[in-house]
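Undergrad: Numbering (the working numbering), first residue to last: 104 to 783.
1) Quick check on DSSP: helix, strand or coil for residue 347?
2) For the 8 Å Cβ check, are there 3 or more pairs between the stretch 426-436 and the stretch 382-396?
3) Contact check, residue 659 vs residue 309 under 8 Å by CB: the rounded distance?
4) Could you check the C-alpha separation between residue 485 and residue 375 for me, to the nearest Å?
5) Short check: CB of residue 653 to CB of residue 637, under 8 Å?
6) Hey, how far is the Cα of residue 767 from the Cα of residue 744?
7) Who does residue 268 pair with in a DSSP beta bridge?
8) Quick one: which unbroken beta strand (DSSP E) runs of 3-plus residues sit fully inside the stretch 536-601? Chain order, please.
9) Pull up the distance between the alpha-carbon of residue 773 and that of residue 398, whole angstroms please.
10) Look up residue 777 in the DSSP assignment and say whether it is helix, strand or coil.
11) Taking residue 260 and residue 662 to be in contact with their CB atoms under 8 Å, please state how far apart those CB atoms are, rounded to whole angstroms.
12) Is it right to say residue 263 is buried, meaning 16 or more other beta carbons lie within 10 angstroms of its own, or is it exposed?
13) Between the alpha carbons of residue 749 and residue 440, how many angstroms are there, rounded?
14) When DSSP labels each residue in this structure, what does residue 324 get in the three-state scheme?
15) Taking the alpha carbon of residue 244 as the reference point, which residue from 505, 481, 615, 342 has its own alpha carbon closest?
16) Just to confirm, is the Cβ distance from residue 307 to residue 688 under 8 Å?
17) Thinking C-beta only, is residue 495 closer than 8 Å to residue 461?
18) Let me check understanding here. Comparing Cα to Cα, which of 240, 304, 569, 607 lies closest to residue 347?
19) Is the Cβ-Cβ distance between residue 813 and residue 313 less than 8 Å?
20) Alpha carbon to alpha carbon, how far is residue 283 from residue 747?
21) Which parts of the stretch 376-440 are runs of the alpha helix (DSSP H), unbroken and 4 residues or longer, counting only runs that do not cross its ends?
22) Please look up how many angstroms separate the CB atoms of residue 550 and residue 493, rounded, as I've assumed it's under 8 Å.
23) Among 254, 238, 403, 350, whose alpha-carbon lies nearest the alpha-carbon of residue 664?
24) To which residues of the same chain is residue 576 closer than 7 Å at the C-beta, ignoring the five residues directly before and after it?
25) With a floor of 4 residues, list each alpha helix (DSSP H) that falls wholly inside the stretch 433-505, ordered by position along the chain.
26) Does residue 254 come out as helix, strand or coil in the three-state DSSP assignment?
27) Name the DSSP bridge partner or partners of residue 302?
28) So residue 537 packs on residue 478, CB below 8 Å; how close in whole Å?
29) In its own chain, which residues sit with a C-beta less than 6 Å from the C-beta of residue 383, not counting the 5 before and 5 after it?
30) What is the rounded straight-line gap between the Cα of residue 778 and the Cα of residue 534?
31) Under a Cβ-count criterion, where at least 16 other Cβ atoms within 10 Å of its own Cβ denotes burial, should residue 298 be classed as buried or exposed?
32) So which of 463, 367, 619 has the shortest CA-CA distance to residue 250?
33) Between the alpha carbons of residue 587 and residue 684, how many angstroms are there, rounded?
34) Is the Cβ-Cβ distance between residue 378 and residue 327 less than 8 Å?
35) Who are the near neighbours of residue 523 in its chain, counting only those whose CB is closer than 6 Å to its CB and skipping five residues on each side?
36) Using a Cβ cut-off of 8 Å (strictly closer), state whether residue 487 contacts chain D.
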């Protein structure tokens, strides 16, 4: 094998789905080559070719000219979809023995068959490399080992909660006691705390779907029976609507849907909808929060008495725009449209409050419908709003959700994105306000995977992981402009967002590098946060001082996403949407929009869906280029990132943006100007 090939072969990771077989008279060429897509070079490949689509099993590949010096040097390339073509000819065409500029010609002609034939075959055992099979078996063994390590983490947290905190809300692992924290969630000033509230078994509710995913049907059934007999929401407790919705209502609805799936056989006896009874009771207690002049819900409500007198009218974008999954699902299950109706009304009102730049603020007044805080990003206070626009479209099939998400996504990419990072900006002007990383932003790459924007997802994910490696965990806030920790918000409360995005990216690419990322996350959690009484939050990532709190989302999300990263058998059975709290909701065709009954001929034996036109959007066109349709509608280029300076001057590549036409990363030349310079 020549030096050129040796330089490419080392460090690459197999895609294990395609094999390239080359027949050539050139004896210097290997007879069988494996097509690779590498984590390290994923961005370079896709920048060069202008598009990558890793969605619904399709993978775009680029065959590049390879020159002595390695993968980064290139002269020519050809891009094609692996699922589109079965043969190409001729294959590689050496120009000299010392310096090769190999090309692929996709034009198929019989006279080309004799000199060279290139076949792409899906999973061809006959041509499998024994060394590769050995490598795959090693990876399989590693995934199995890591899965069991995560399982042990989950049960270390769960068992200690059951021993020292149940039926209270959350565990205090350092002192092996408990906290009734449901009324404290989102309550930074700890105001109006209840006197007689003794918990709602919050961590147990949050653990239900995790128990199912890990195959513990016995414990799941035991938990459901206990909750059905002992849990009540008729308590004098002021709770945060958003937090209670995603944690409690979401946990109950998800677990009910799992328990109702007869194929899973989770109950030894018949399941009697016990969780649905609890979920509907809680949903009814939410409804008074929506009785406002705008339809935007109060952020706080008393579970027993409704909205309290003189209750604050301030809420967040997430607080009123992230209710549709759980409440919409509750309406679908019960047949009661009220829950979906109030959540949808609030979402549409919020949508009407966007700025001329299609941006949103962070906090607003539910009585007046006016913004309070105009600066926002993709982190705290607004993150799940974007998430639920897309996931509501997937779960319920409404086209309106897709249109809203597409418009919002393009605006985010245009005004918030700077290279792999996302800063905050004023919704009115688009001007940057805060240059900071927040740990909640780490969910964004996972969301981008769902729309096939793998390149952008991978780019941001790598930066988040670099910060994780620097500190051992991900700090709550990191100041990008000063390259330092936030002076006060330097804690890590066992958040799941980086693990979540790692899971999604591995599902899309099957690149083993993400397994290594997951292993690093698991090792850090065990090294820095595991204590005898469970897993403790970190108060200061600089000193690794611990805090006496094990959040319920550690079992609902962090452990779940890490487990699914190493064992995704659960998602092989059905398609699921995971809520912002990690609770799986099955995607059911019966929940999607259908033609009104009057339009269905009597002789039809099935409901015929409305014909839908192919979506033309920046994302469906791989986010570039910008264009104007015949209808006059202008589609922006979501991949476009302006250069840092209007005169195109630069000092480093980081000062250059992304070209709006080709979606290729611009680089800084030796003369100090940004452009699409050819790398040799």
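Think of the CB as a built atom: it goes at the ideal place given N, C-alpha and C, for glycine as much as any other residue.
TA: Straight from the coordinates:
1) By 1-based counting over the chain shown, the position of residue 347 is 244. It is helical.
2) yes
3) The residue given as residue 659 occupies position 556 in the chain shown. The residue given as residue 309 occupies position 206 in the chain shown. About 4 Å separates the two Cβ atoms, so the contact holds.
4) As a working note, residue 485 is residue 382 in the chain shown. As a working note, residue 375 is residue 272 in the chain shown. In this model, residue 485 and residue 375 are separated by some 37 Å (Cα to Cα).
5) On the chain shown, residue 653 is found 550 positions in, with the first residue counted as 1. On the chain shown, residue 637 is found 534 positions in, with the first residue counted as 1. Yes; because the gap between Cβ atoms is below 8 Å, this pair is in contact.
6) As a position in the chain shown, residue 767 is number 664, starting the count at 1. As a position in the chain shown, residue 744 is number 641, starting the count at 1. Their Cα atoms are separated by approximately 10 Å.
7) As a working note, residue 268 is residue 165 in the chain shown. BP columns for residue 268 are empty, so no partner.
8) 539-541, 580-582
9) To locate residue 773, count along the chain shown from 1; it is residue 670. To locate residue 398, count along the chain shown from 1; it is residue 295. Their backbone Cα atoms lie some 57 Å apart in a straight line.
10) Walking along the chain shown from the start, residue 777 turns up at place 674. Residue 777 falls in the strand class under three-state DSSP.
11) Position 157 of the chain shown, counted from the first residue, corresponds to residue 260. Position 559 of the chain shown, counted from the first residue, corresponds to residue 662. Rounded, the Cβ-Cβ distance is 7 Å, consistent with contact.
12) Position 160 of the chain shown, counted from the first residue, corresponds to residue 263. Its Cβ being crowded by 16 or more others within 10 Å, residue 263 is buried.
13) Taking the chain shown and counting its residues from 1, one reaches residue 749 at position 646. Taking the chain shown and counting its residues from 1, one reaches residue 440 at position 337. Cα to Cα, the separation comes out at about 52 Å.
14) Residue 324 sits at position 221 when you count from the first residue of the chain shown. Here residue 324 sits in helix by DSSP.
15) Here residue 244 is taken as the residue at index 141 of the chain shown, counted from 1. Of 505, 481, 615, 342, the residue nearest in Cα terms is 615.
16) Translated into positions along the chain shown, residue 307 becomes position 204. Translated into positions along the chain shown, residue 688 becomes position 585. No. Outside cutoff.
17) On the chain shown, residue 461 is found 358 positions in, with the first residue counted as 1. On the chain shown, residue 495 is found 392 positions in, with the first residue counted as 1. It is not a contact, given that the beta carbons lie outside the stated cut-off.
18) Counting from 1 along the chain shown, the entry for residue 347 is found at position 244. Nearest option by C-alpha distance: 304.
19) Given a span of 104 to 783 for the chain in the structure shown, any question on residue 813 remains unanswerable.
20) The residue labelled residue 283 in the question sits at position 180 within the chain shown. The residue labelled residue 747 in the question sits at position 644 within the chain shown. Straight-line Cα distance between these residues: approximately 48 Å.
21) 377-389, 420-424, 427-437
22) The residue you call residue 550 lines up with position 447 of the chain shown. The residue you call residue 493 lines up with position 390 of the chain shown. Confirmed, Cβ separation roughly 6 Å.
23) Taking the chain shown and counting its residues from 1, the one referred to as residue 664 is at position 561. Looking at the Cα atoms, 254 is the closest of the given residues.
24) Translated into the one-based positions of the chain shown, residue 576 becomes position 473. 595, 627, 631, 641, 644.
25) Qualifying alpha helix (DSSP H) stretches, in chain order: 441-454, 486-499.
26) Position 151 of the chain shown, counting from 1, holds the residue named residue 254. Looking at residue 254 - three-state DSSP - the assignment turns out to be helix.
27) What you label residue 302 is simply residue 199 of the chain shown in a count that begins at 1. According to DSSP, residue 302 bridges with nothing at all.
28) Locating residue 537 in the chain shown gives position 434, counting from the first residue. Locating residue 478 in the chain shown gives position 375, counting from the first residue. About 7 Å; that satisfies the 8 Å criterion.
29) Here residue 383 refers to the residue found at position 280 when the chain shown is read from its first residue. 437.
30) Indexing the chain shown from 1 puts residue 778 at position 675. Indexing the chain shown from 1 puts residue 534 at position 431. So the alpha carbons of these two residues sit roughly 24 Å apart.
31) Working through the chain shown from its first residue, we reach residue 298 at position 195. The residue in question, residue 298, is exposed, as its Cβ has fewer than 16 Cβ neighbours within 10 Å.
32) One-based indexing of the chain shown puts residue 250 at position 147. It is 619 whose Cα lies nearest to the Cα of residue 250.
33) Taking the first residue of the chain shown as position 1, residue 587 is located at position 484. Taking the first residue of the chain shown as position 1, residue 684 is located at position 581. Each residue's alpha carbon lies about 29 Å from the other.
34) On the chain shown, residue 378 is found 275 positions in, with the first residue counted as 1. On the chain shown, residue 327 is found 224 positions in, with the first residue counted as 1. The answer is yes: Cβ separation under 8 Å.
35) Numbered from its first residue, the chain shown carries residue 523 at position 420. 562, 563, 566, listed in sequence order.
36) No chain D appears in the structure shown, which is made up of a single protein chain.
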